[in-house]
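Structure first, then comments.
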Amino acid sequence: MFGWIKARILSASPLAGRGAESGGWQIGAIGGLLLLSSLATHAVAACDWPEWQQFKQNYISEQGRVIDPSSPKKITTSEGQSYGLFFALVANDRAAFDNILQWTQNNLAQGDLSARLPAWLWGRKDKNQEGKEEWGVLDTNSASDSDLWIAYSLMEAGRLWKVRSYQSLGVLLLQRIAREEVVHLPGFGVMLLPGRVGFAHPPVWTINPSYLPPQLMARMAHFHGPWAALHKNNQRLLLASSPKGFVPDWIDWRKGKGWEATPDKPNVSGYDAIRVYLWAGMMADEDPNKAVLIKQWQPMATITADLGYPPERVNVATGKATGYGNSGFSAALLPFLAGSQAQAVQRQRVKDNPLSDDAYYSYVLTLFGQGWDQQRYRFNLKGELLPHWDSSTCVSIATSH
1165 MFGWIKARIL SASPLAGRGA ESGGWQIGAI GGLLLLSSLA THAVAACDWP
1215 EWQQFKQNYI SEQGRVIDPS SPKKITTSEG QSYGLFFALV ANDRAAFDNI
1265 LQWTQNNLAQ GDLSARLPAW LWGRKDKNQE GKEEWGVLDT NSASDSDLWI
1315 AYSLMEAGRL WKVRSYQSLG VLLLQRIARE EVVHLPGFGV MLLPGRVGFA
1365 HPPVWTINPS YLPPQLMARM AHFHGPWAAL HKNNQRLLLA SSPKGFVPDW
1415 IDWRKGKGWE ATPDKPNVSG YDAIRVYLWA GMMADEDPNK AVLIKQWQPM
1465 ATITADLGYP PERVNVATGK ATGYGNSGFS AALLPFLAGS QAQAVQRQRV
1515 KDNPLSDDAY YSYVLTLFGQ GWDQQRYRFN LKGELLPHWD SSTCVSIATS
1565 H
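In this text, residue positions in the sequence shown follow the numbering used here: the first is 1165, and each later residue adds one.
Structure (structure tokens):
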């Protein structure tokens, strides 16, 4: 199943670095016009965010592709592209945003994000009959978390930078997500599948709780479609799936029975679920759902405080912790542990354990968690991004497209 393959790649071989480029598809009609209309010579304020600059240097090509140099196929995922867009927006880095968006649309969406969901996996293909090296899409399936982050970043970029074409493309992508990745679970209601295919096998549907950040759901709840209901159902999912205080990486909904462990995947809170605690910690303090989630998941906070580091995995059924979560895990828990002594311990751990240049996933978690801890951004109750763009942390640079 594609989702399991994706999870294994993320946990065993984090995406990183640079690699070969491909011309990809030419930009499609609707998405291309929307994108090209936003590209012009302009001056932007690029926030002085050293970790973001290092991420760009280590993981993003000049063409806007997030790459894994440790993988023989030098893979790129839609997840990497989606996170890159978000961080570029937080950094007020319009040039990087445009490059990442262009590459994503050209190579993962056949030139038009308004016409199709991006493919989740791209990289080096097997050599052709002539022995020539080829590059392109390796798996055409989608990844709904990436799709949501792309749509969200486009809509927020449109709002913050006052670029209508970004907003329009984000809304069109959101509508496509609703059509192709949202389903009705009998006895529960609407829910987001992890991808377009491979996760619905009635009477069983497989869900990944980390794919639905509550703040993104809050932002999208204001749009027409299933989003308001999905926002409410997401809170129900997060609580029902973690009765002992640990959220699973994966969980199944079985018609007539409800939520149950996914049989072909470990019943653990690990490399996927670490993001669920991260998302909850970054929710607006005035959101009543935040306090409920933080309280329910106190066992995760307690076990981290007792160990001095986040466990790599926790058995959801027994609460037994195994493995040694790296500094990316520590960074991910900084918002979740806000105001506690455990937060200070994990903050120091992040500082004392700098990441290598081939640890994409850990670096992503660090940009999210440490960036929030450094007050570079917040989310309000409506799920809108509140970036910290002021003169003390930003410099004006000229960019040309």
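Beta carbons: idealized from backbone N, C-alpha and C, even for Gly. Owing to the predicted nature of the structure, the values given are computational and were not obtained by experimental measurement.
1. Going by other Cβ atoms of all chains shown within 10 Å of its Cβ, with 16 needed for buried, is residue 1445 buried or exposed?
2. Under 8 Å, do residue 1313 and residue 1255 count as touching if we go by C-beta distance?
3. Would you say residue 1361 touches the ligand MN, meaning its beta carbon is less than 7 Å from a heavy atom?
4. In three-state DSSP terms, what is residue 1344?
5. Restricting to Cα atoms, I'd like to know which of 1287, 1275 and 1213 is closest to residue 1251.
6. Mapping DSSP to helix, strand and coil, what is residue 1601?
7. For residue 1301 and residue 1391, what's the separation of their Cα atoms in angstroms?
8. Return the bridge partner residues of residue 1417 from the DSSP annotation.
9. Could you give the distance in angstroms between the alpha-carbon of residue 1348 and the alpha-carbon of residue 1231?
10. So, is residue 1492 buried or exposed, given that buried needs 16 or more other C-beta atoms within 10 angstroms?
11. Quick check on DSSP: helix, strand or coil for residue 1405?
12. Applying the 10 Å Cβ sphere with the 16-neighbour rule, what's the burial state of residue 1546?
13. Which two residues bound the contiguous alpha helix (DSSP H) that contains residue 1309?
14. In whole angstroms, what separates the C-alpha of residue 1268 from that of residue 1229?
15. Between the alpha carbons of residue 1385 and residue 1319, how many angstroms are there, rounded?
16. Any contact between the stretch 1349–1362 and the stretch 1517–1532? By contact I mean 3 or more CB pairs, one from each, below 8 Å.
17. CB-CB under 6 Å to residue 1331, same chain, minus the five flanking residues each way: which ones, in chain order?
18. Using a Cβ distance threshold of 8 Å, determine whether the stretch 1430–1446 contacts the stretch 1465–1482, with at least three qualifying pairs required.
19. Using the C-alpha atoms, what's the distance from residue 1442 back to residue 1535?
20. In angstroms with no decimal places, state the Cα-to-Cα distance between residue 1463 and residue 1457.
21. Per DSSP, what kind of secondary structure is residue 1545 in: helix, strand or coil?
22. Which residues does DSSP pair with residue 1288 in a beta bridge?
23. Per DSSP, which one or two residues make a beta bridge with residue 1551?
24. Look up residue 1248 in the DSSP assignment and say whether it is helix, strand or coil.
25. Got a sec? Which residues, its chain only, sit under 7 Å from residue 1514 by beta carbon, not counting five neighbours each side?
26. Residue 1298: which of 1264, 1239 and 1244 sits nearest, CA to CA?
27. If you count every other CB in all the chains shown that lies within 10 Å of the CB of residue 1562, and 16 or more means buried, which is it?
28. Might you give, ordered along the chain, the residues of its own chain that have their beta carbon closer than 6 Å to the beta carbon of residue 1424, omitting 5 neighbours on each side?
29. Give me, in chain order, the residues of the same chain whose beta-carbon lies closer than 8 Å to that of residue 1367; leave out the 5 immediate sequence neighbours on both sides.
Result, derived from the coordinates:
1. In the sequence shown, the residue the question calls residue 1445 occupies position 281. Answer is buried; the Cβ neighbour count reaches 16.
2. Residue numbering aside, residue 1313 sits at position 149 when the sequence shown is read from its first letter. Residue numbering aside, residue 1255 sits at position 91 when the sequence shown is read from its first letter. No, they are not a contact pair.
3. No copy of the ligand MN appears in this structure; indeed no ligand is present at all.
4. What you label residue 1344 is simply residue 180 of the sequence shown in a count that begins at 1. Residue state, collapsed to three classes: helix.
5. As a working note, residue 1251 is residue 87 in the sequence shown. Comparing Cα-Cα distances from residue 1251 to each of 1287, 1275 and 1213, the minimum goes to 1213.
6. Any question about residue 1601 goes unanswered here, given that the chain covers just 1165 to 1565.
7. Locating residue 1301 in the sequence shown gives position 137, where the first residue counts as 1. Locating residue 1391 in the sequence shown gives position 227, where the first residue counts as 1. Rounded to whole angstroms, residue 1301 to residue 1391 spans 30 Å at the Cα level.
8. Counted from its first residue, the sequence shown places residue 1417 at position 253. 1369 and 1423, per the DSSP bridge assignment.
9. Position 184 of the sequence shown holds residue 1348. Position 67 of the sequence shown holds residue 1231. Cα-Cα distance, rounded: 35 Å.
10. Here residue 1492 corresponds to residue number 328 of the sequence shown, with the count starting at 1. So residue 1492 counts as buried.
11. As a first step, residue 1405 is located in the sequence shown; it is residue number 241 there, counting from the start. In the structure shown, residue 1405 sits in coil (DSSP, three-state: anything other than H, G, I, E or B).
12. On the sequence shown, position 382 is the one that residue 1546 refers to. When all chains shown are included, residue 1546 counts as exposed.
13. Here residue 1309 is taken as the residue at index 145 of the sequence shown, counted from 1. Counting along the chain, the alpha helix (DSSP H) containing residue 1309 begins and ends at 1308–1325.
14. Against the sequence shown, residue 1268 aligns to sequence position 104. Against the sequence shown, residue 1229 aligns to sequence position 65. Whole-angstrom Cα-Cα distance: 8 Å.
15. Counting from one through the sequence shown, the residue named residue 1385 turns up at place 221. Counting from one through the sequence shown, the residue named residue 1319 turns up at place 155. If I take the Cα positions, the gap works out to 13 Å.
16. no
17. Residue 1331 sits at position 167 when you count from the first residue of the sequence shown. So the list reads 1319 and 1322, once near-sequence residues are dropped.
18. yes
19. In the sequence shown, counting from the first residue as 1, residue 1535 sits at position 371. In the sequence shown, counting from the first residue as 1, residue 1442 sits at position 278. Approximately 12 Å between the Cα atoms of the pair.
20. Here residue 1463 refers to the residue found at position 299 of the sequence shown. Here residue 1457 refers to the residue found at position 293 of the sequence shown. Cα-Cα distance, rounded: 11 Å.
21. Here residue 1545 corresponds to residue number 381 of the sequence shown, with the count starting at 1. Three-state result, residue 1545: coil.
22. Here residue 1288 refers to the residue found at position 124 when the sequence shown is read from its first residue. Answer by DSSP bridge pairing, in chain order: 1299.
23. Residue numbering aside, residue 1551 sits at position 387 when the sequence shown is read from its first letter. Paired residues: 1541.
24. Translated into positions along the sequence shown, residue 1248 becomes position 84. Residue state, collapsed to three classes: helix.
25. Position 350 of the sequence shown, counted from the first residue, corresponds to residue 1514. Excluding positions up to five away in sequence, the list reads 1491, 1494, 1495, 1530 and 1534.
26. Position 134 of the sequence shown holds residue 1298. For residue 1298, the nearest C-alpha among the options comes from 1239.
27. Looking up residue 1562 in the sequence shown gives position 398. Low confidence applies here, because residue 1562 scores a pLDDT of 30, under 50, leaving its location unreliable; read the following figure in that light. Looking at its Cβ environment, which holds fewer than 16 other Cβ atoms inside 10 Å, residue 1562 is exposed.
28. Here residue 1424 corresponds to residue number 260 of the sequence shown, with the count starting at 1. So the qualifying residues of the chain are 1416 and 1418.
29. Looking up residue 1367 in the sequence shown gives position 203. Contacts found: 1350, 1418, 1419 and 1420.
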